[in-house]
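S.K.:
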Amino acid sequence: MITNETKGRVWHGPVRMADTFFKRFRGLMLTKNVNYALVFVLPAETKANASIHMFFMLSDIDVIWLDSARRVVDFKTAKKWRLYTPKNAAKYIIEGPVGLIKTLEVEEGDLIDWSPSEEKGKAVPVKVSLPDKISFDSHNGAVMTESVKEVHAGKP
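The numbering of the sequence shown is the numbering used here, which starts it at 188 and goes up by one.
1) Per DSSP, what kind of secondary structure is Lys234 in: helix, strand or coil?
2) Rounded to whole angstroms, what's the CA-CA distance from Lys266 to Ala231? Just pull it up for me.
3) Taking DSSP's pairing of strands, which residues face Ala240 in a bridge?
4) Using DSSP with H/G/I as helix, E/B as strand and the rest coil, what is Arg257?
5) Consult DSSP for Thr190 and reduce its assignment to one of helix, strand or coil.
6) Excluding the 5 residues flanking His199 on each side, which residues of the same chain have their C-beta closer than 6 Å to its C-beta?
7) Going by Cα to Cα distance, which pick from Pro273, Trp301 and Phe242 is closest to Val226?
8) Could you tell me the distance, in whole angstroms, from the CA atom of Ser238 to the CA atom of Lys194?
9) How is Lys278 classed by DSSP in three states: helix, strand or coil?
10) Going along the chain, which residues of its own chain have a beta-carbon closer than 6 Å to the beta-carbon of Leu245, five neighbours each way excluded?
11) For Phe212, write down the residues that DSSP places opposite it in a beta bridge.
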């Protein structure tokens, strides 16, 4: 969720963070359907660090540049295969689907805040030991076995 605190406007889409070199490097390149916002946390607040390119982008996006106080210093709808530099130095960049700027009613000087969406972790396989004997109630049709070997051997 992204909030324009100055105007009380909220965009309820998912938000991801680009807070490492590799996440910033990848950005939204080659993303077919930009349906989330990506917040870039830059290492320093400068115009050069905040410059973006739209090479290898599959669609246009809305971009909002913020200073270290999270105040808007520039914003625009970025077109594919172009370069952009903000008017002033920025510490954060928010890239998202076209319409983000309009929904938030963004203007220079607005205070913007965000809360990243929870990302689901990857499943990790875990070894679980099974008991030697498995028993079930006889009324549900299951058969009691003495071991897993009996099941594989076809013995009831």
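Virtual Cβ for every residue (Gly too), placed ideally from N, Cα, C.
M.R.: According to the data block:
1) The answer is coil: DSSP assigns Lys234 none of H, G, I, E or B.
2) Those two C-alpha atoms are separated by around 25 Å.
3) The sequence as given places His at residue 240; Ala does not occur at that position. According to the DSSP secondary-structure assignment, His240 is paired through a beta bridge with Leu270.
4) coil
5) Judged by DSSP in its simplified three-state form, Thr190 adopts strand.
6) Met188
7) Nearest option by C-alpha distance: Trp301.
8) 27 Å
9) Reduced to three states, the DSSP call for Lys278 is strand.
10) Hits under 6 Å: Lys219.
11) None; Phe212 has no bridge partner.
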